[in-house]
Each structure stands twice: as C-alpha cells, then as structure tokens.
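Colleague:
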Amino acid sequence: MKQTKQKHLSYAKWGYIFIIPFFLSFFIFSMIPLVDTIRYSFYEYYRSGIKEIGPTFIGLENYKSLLESDMLKYAGNTLLLWLIGFIPQIVIALLLANWFTDMRLKIRGKQFFKVVIYLPNLIMASAFAMLFFALFSNSGPINSILMSLGLTSEPIDFMGTAFGTRALVGLMNFLMWFGNTTIMLMAAIMGISPEIFEAAELDGCGSVKRFFSITLPLIRPILAYTLITSIIGGLQMFDVPQILTNGQGTPDRTSMTLIMFLNNHLKSRNYGMAGALSVFLFVVSGILCFIVYRMTNGSDDAKPVREKQKGGSKA
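One point on numbering: in UniProt numbering, the residue at position 177 of the sequence shown is 177, and numbering is uninterrupted.
1. Can you give me the Cβ contacts of Ala-200 inside the same chain, cut-off strictly under 7 Å, excluding the 5 residues immediately before and after it?
2. Excluding the 5 residues flanking Cys-289 on each side, which residues of the same chain have their C-beta closer than 8 Å to its C-beta?
3. Between Ala-75, Gly-170, Asn-62 and Asn-98, which has its C-alpha nearest Val-284's C-alpha?
4. By DSSP, does Thr-182 sit in helix, in strand, or in coil?
5. Could you give the DSSP three-state label for Arg-269: helix, strand or coil?
6. If you follow the beta strand (DSSP E) that Phe-211 is part of, which residue opens it and which one closes it?
7. Just tell me which of Ile-291, Ser-278, Tyr-293 and Arg-294 has its CA closest to the CA of Tyr-40.
8. Skipping 5 residues on each side, what residues in its chain have a beta carbon closer than 7 Å to that of Phe-57?
9. Is the stretch 96 to 107 touching the stretch 169 to 176 in the sense that three or more CB pairs, one from each, lie closer than 8 Å?
10. Between the Cα of Ser-48 and the Cα atoms of Met-295, Lys-267 and Arg-294, which residue gives the shortest distance?
11. So is Ile-19 buried or exposed if we call it buried at 16+ other beta carbons inside 10 Å?
12. Please return the same chain residues whose Cβ sits closer than 8 Å to the Cβ of Phe-128, not counting the five positions on each side in sequence.
13. Is the stretch 135 to 147 touching the stretch 177 to 195 in the sense that three or more CB pairs, one from each, lie closer than 8 Å?
14. Using 10 angstroms around the beta-carbon of Arg-108, count the other beta-carbons present and answer buried if the total reaches 16, otherwise exposed.
15. In the DSSP assignment, find the alpha helix (DSSP H) that holds Pro-88 and state where it starts and stops.
In structure tokens, the structure reads:
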C-alpha cells in the first residue's frame with residue numbers, strides 16, 4: 001500500500017507577515033529616535049545664533065548639568081500636580097464604578113451617566129486649558145459670579161498664586177480622566193463572578209467590607225494598569241500647564257513640569273541637554289512602573305513559589 005503524504009499547511013508565516021508593518025514602523029519611528037536621543041545625551045550639541053556648536057562628545061557632563069539645574073524642583077512640581085489630579089480621580093472613579101455595578105441599587109439610566117462622565121475625555125487638553133483660562137481669569141465669569149453674590153469684593157487672581165494654579169491644573173486633569181478610569185474599573189468589577197458577591201452577602205458581609213475584601217483585591221491588575229498609565233501620563237504632563245501659564249510655569253515656576261523644561265531646551269536647540277533629560281524621564285518611568293508592578297503583583301507571583309516549596313518539603 002502506498003502511504004499518501006498529507007500536506008500540512010502552516011499559517012504561522014502569515015502571522016509574521018502581518019506583524020512586520022508594526023515592527024517596521026516601531027523600528028523607524030520609535031527605536032531609531034530613542035537610540036539617537038541616548039546618543040545625543042552624551043554630546044554637546046546646540047545652536048548659538050546662526051552658529052551650530054557640536055556635536056562634541058562630552059560624556060556625562062549633560063547629566064551633571066541637569067542635576068545642578070532646577071530639574072529636581074520641576075520634578076517635584078510634576079509629582080505634586082500629578083497627585084492633586086490623580087488622588088481624587090481614583091477615589092471618585094472607584095466609588096462610581098462600585099455604585100454603577102451594584103445590582104442592589106438598581107440605578108436607572110446607567111448608559112446615560114456613562115456617556116456623561118466620559119464626555120470630558122473627548123475634549124482636547126488644549127481646549128480644556130483655554131476654557132479654564134477664560135473661566136478663571138480676573139475678568140472671567142467665575143469672578144463675576146463670586147462678586148455678584150457678594151462673596152468677594154474684588155477679583156480673585158486664581159492664576160497669580162501657586163495654590164490656585166496647581167489646583168486648576170489638578171482639577172482639569174481630574175475632570176479629563178476620571179471618566180475613562182471609571183469605565184475601566186466598571187469593566188473590571190463586572191468581570192467578577194456574581195456568585196462571589198452572593199456568597200459574601202449570605203455570610204453577612206457588609207458593603208464596605210465586601211468592597212475592601214473582595215472587589216479591590218480582584219480588580220488589582222486593572223488598578224495596577226491604571227496607576228502605571230497615570231504615572232507615565234503624569235511625567236509627560238505638558239499641554240495643560242503650558243497653555244494655562246503661557247509656557248512660563250508661573251508663578252515663580254511653581255507649575256513648571258519636566259516636559260515643559262524639556263520643551264525649553266528643544267526651543268533653544270540644546271539637543272544634548274534635551275537628550276539627557278529625555279533619558280532621565282525614561283529611566284524614572286521604568287523604575288516607577290517596575291515598583292508599582294511589584295507592589296501590586298509581587299505577592300501573587302511569590303505565592304505559587306511558596307506553595308511549591310511547601311509541597312516539595314512535605315514530599
């Protein structure tokens with residue numbers, strides 16, 4: 001008998017073919033600029049008038065100059081502005097997500113509320129900043145309302161104080177992103193099996209205890225993702241304080257962020273310092289994201305190892 005050879009068709013090659021455009025685009029538009037940025041961070045390369053200086057290799061001098069500059073002050077500004085916007089964002093998002101997914105409350109019009117809370121996320125940050133600049137200016141409608149109600153006798157200079165400017169930046173970041181965070185957390189909570197909540201209710205578990213003992217631990221991966229993306233977005237904060245303060249970080253550079261500092265170097269064509277600052281941001285982002293990942297997933301990763309070791313010792 002002749003054994004008929006069955007042709008085995010492999011479709012794996014088509015998968016590689018389809019992902020080639022992505023990797024090609026990533027290599028051209030991301031990897032090459034990243035390597036070039038790291039390379040420029042070790043060179044003196046800037047423009048003085050019409051004269052171009054460099055590129056001249058100077059080693060770690062750009063990094064030394066960064067540490068001697070006001071970079072740490074701007075890093076503190078960036079951290080503070082991020083915290084002002086993120087803390088109320090995650091708290092309100094968790095509360096709303098828990099309420100909207102609680103079947104016992106029987107909230108009507110959930111789809112409508114989802115659309116409403118997500119709408120600010122669709123507005124461009126530049127438009128949001130211009131809106132707040134007009135609303136909270138000395139001759140804006142907010143001051144007019146406060147004066148007409150007799151709450152103040154003269155206009156409040158919201159953007160003339162560090163507290164007022166930082167509060168406005170934090171408020172804008174909160175309004176723009178809490179809807180997106182709420183939708184993600186709602187999806188995470190809805191992915192939890194209803195039987196777990198029913199069993200907890202039968203055992204007499206209250207709403208607060210159920211939230212902290214069941215809901216929060218089970219949505220921890222989404223919380224980690226939210227925190228990591230928020231940290232990256234916070235380090236890249238630029239458009240809102242840039243437009244609100246006209247790029248000056250007023251008052252007294254208390255709202256100057258790291259990306260605004262980077263933009264100043266790019267405008268002055270100091271590519272060496274800009275490259276060094278970019279590398280600094282890249283390293284800080286990686287370290288912070290790793291710490292957050294280990295804090296939120298470290299115990300889960302270690303648990304199977306401990307169980308395996310216990311099983312081996314018993315054997």
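For every residue, glycine included, the Cβ atom is placed at its ideal position computed from N, Cα and C. None of these values were measured; they are calculated from a predicted model.
Modeller: Taking the structure as given:
1. By the criterion of a C-beta distance shorter than 7 Å, Ala-200 is surrounded in its chain by Arg-210 and Ile-214, once the five residues flanking it on both sides are discounted.
2. Here Cys-289 has Ile-228, Ile-231 and Ile-232 as same chain residues with Cβ atoms under 8 Å from its own Cβ, once five neighbours each way along the sequence are excluded.
3. When each option's Cα is compared against that of Val-284, the closest is Ala-75.
4. Judged by DSSP in its simplified three-state form, Thr-182 adopts helix.
5. If DSSP states are grouped into helix, strand and coil, Arg-269 belongs with coil.
6. For Phe-211, there is no enclosing beta strand (DSSP E), as DSSP marks it with neither H nor E.
7. Cα-wise, what sits closest to Tyr-40 is Ser-278.
8. So the qualifying residues of the chain are Phe-42 and Tyr-43.
9. Judged by Cβ distances under 8 Å, the stretch 169 to 176 makes no contact with the stretch 96 to 107, as fewer than three pairs qualify.
10. With distances taken between Cα atoms, Ser-48 lies closest to Lys-267.
11. Within 10 angstroms of the beta-carbon of Ile-19 lie fewer than 16 other beta-carbons, which makes it exposed.
12. Within the same chain, and ignoring the five residues on either side of Phe-128 in sequence, the residues whose Cβ sits closer than 8 Å to its Cβ are Pro-120, Met-172, Leu-175, Met-176 and Val-240.
13. Output reads no: the stretch 135 to 147 does not touch the stretch 177 to 195.
14. It is exposed - the Cβ of Arg-108 has fewer than 16 other Cβ atoms within 10 Å.
15. Counting along the chain, the alpha helix (DSSP H) containing Pro-88 begins and ends at 71 to 100.
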